[in-house]
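A.B. asks: My questions all concern the structure below.
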Amino acid sequence: MAENGPDPVTTASYPFDGADSTSDLRFVSSDGVTFFVHKVILAYASQFFRDMFTLSQANPDSPIFMTEDSKTIDKILRFCYPVDVPTLDSLTELSHVVIVMVKKFLMDDVAKKARVQLLSYMEQEPLRVFAIAYTLQWTREANNAANATLGSAMFYSYKAPELDSVPGTVLYRLFQVQDQRRRSLKDSTDPETYVSDLQTLLSGDCDRHDVYSRRHPGW
C-alpha cells in the first residue's frame, strides 16, 4: 500500500499560478489556494503590504496565510496587476471586495477602478450604493446615489446590510431630505434646493468620516 504523501497544492489561475519565475511571494487563501505574487506590484498598490515588506521576516520563503478566500484574493490581485479589471458578480461581492481593499489593505487608488461597476447598480439599488460609497469616502458617488434615492421608496422594507456602516445622523439627514423633496414636488417648489443641501452635508460628513477612519482603522 502506498504511503500517504503531502496534500496536493491547489494553485490559483493565471497570472498567479507560478508560471512566471519572477514571483517572489506566496499567498495561501483561507480555502487553501496558493497565489504566486510579486512584492513590487503589491508594494505599489498597497500601503499595507509596503509597510509589511519593510519588516524583517524570520523566513522570507514562508507563505503568507490570508483570512480571505481564494475568490476574494483573486479579485483583489486582479485590480492590482496589469490585467483586465475583474467583473464583480453582484453588489454584495463588490461591497465586500472593495471595502477589504480600502479598509484592510489600504488600496485606495487601485479600488477606484471599481467605481464604474458600483454606479451600474445605482438605478436599482441607490441606497446600498450610497452606503458603500459613503463607507469608502467616495464623495461624488455618494452624492449621486443620495440624489438617486430621492426618487425611490426608501422607507419601505429594504435589505441593505451596508447601512450598518453609515452613522445614524447621516441616514436621518438623507431621510429628512427625501421627505423635503417629496413635499417640494407636492407644493411645486424647487426640489434642487434640497439636492444642493444634501450634497453639502454629505461632502462635509464624508471628509470628517475619512479623517476618523484613518486615525482609528479598526484593523
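Quick note on this note's numbering: the sequence shown kicks off at 1 and runs consecutively.
Each residue gets a CB set at the ideal place from its N, CA and C atoms; glycine is no exception.
1. Can you give the Cα-Cα distance for Phe9 and Arg78, rounded to whole angstroms?
2. So Leu25 is in the alpha helix (DSSP H); what residue range does that whole segment cover?
3. Let me know the secondary structure DSSP gives Val33 once reduced to three states.
4. May I ask which residues mark the beginning and end of the alpha helix (DSSP H) holding Pro63?
5. Looking at chain B, is there any beta carbon in it that lies within less than 8 Å of the beta carbon of Ile99?
6. List the residues that DSSP assigns as beta-bridge partners of Thr11.
7. Taking DSSP as the reference, what is the three-state secondary structure of Asp20?
8. Give me the Cα-Cα distance between Leu118 and Arg50, rounded to the nearest whole angstrom.
9. Quick one: any contact between the stretch 143-152 and the stretch 72-90, if contact means 3 or more CB pairs under 8 Å?
10. Which one of Ala12, Phe36, Ser13, Ser30 has the shortest CA to CA distance from Thr22?
11. Going by DSSP, what residue range makes up the alpha helix (DSSP H) through Pro126?
12. Quick one: is Phe105 buried, meaning 16 or more other Cβ sit within 10 Å of its Cβ, or exposed?
13. Go ahead and label Ile76 buried or exposed: buried means 16 or more other beta carbons lie within 10 angstroms of its beta carbon, across all protein chains shown.
14. Which whole-angstrom value describes the C-beta separation of Ser29 and Ile73, a residue pair presumed to lie in contact below a C-beta threshold of 8 Å?
15. Looking at the structure shown, is Ser157 part of a helix, part of a strand, or coil, going by DSSP?
16. Is Thr135 buried or exposed, if buried means 16 or more other CB atoms sit within 10 Å of its CB?
17. Taking only three categories from DSSP, how would you classify Thr92?
C.D. replies: On the basis of the data shown:
1. The sequence shown places Val at residue 9, rather than the Phe named in the question. Whole-angstrom Cα-Cα distance: 21 Å.
2. Leu25 -> not in any alpha helix (DSSP H); beta strand (DSSP E) instead, spanning 25-28.
3. strand
4. That residue, Pro63, is in no alpha helix (DSSP H); it is neither H nor E in DSSP.
5. The structure shown contains no chain B; it is built from a single protein chain.
6. Residue pairing of Thr11 in beta bridges, as defined by DSSP: Thr34.
7. coil
8. 27 Å
9. Touching, no, given that fewer than three Cβ pairs across the two stretches are closer than 8 Å.
10. Phe36
11. 126-135 is the span of the alpha helix (DSSP H), which, as asked, contains Pro126.
12. buried
13. buried
14. 5 Å
15. Model confidence at Ser157 stands at a pLDDT of 47, short of 50, so the residue's coordinates are unreliable; what they give is reported in the following sentence. In the structure shown, Ser157 sits in coil (DSSP, three-state: anything other than H, G, I, E or B).
16. Residue burial is scored here from C-beta neighbours: Thr135 has at least 16 other C-beta atoms within 10 angstroms and is therefore classed as buried.
17. Taken through DSSP and simplified to helix, strand or coil, Thr92 comes out as helix.
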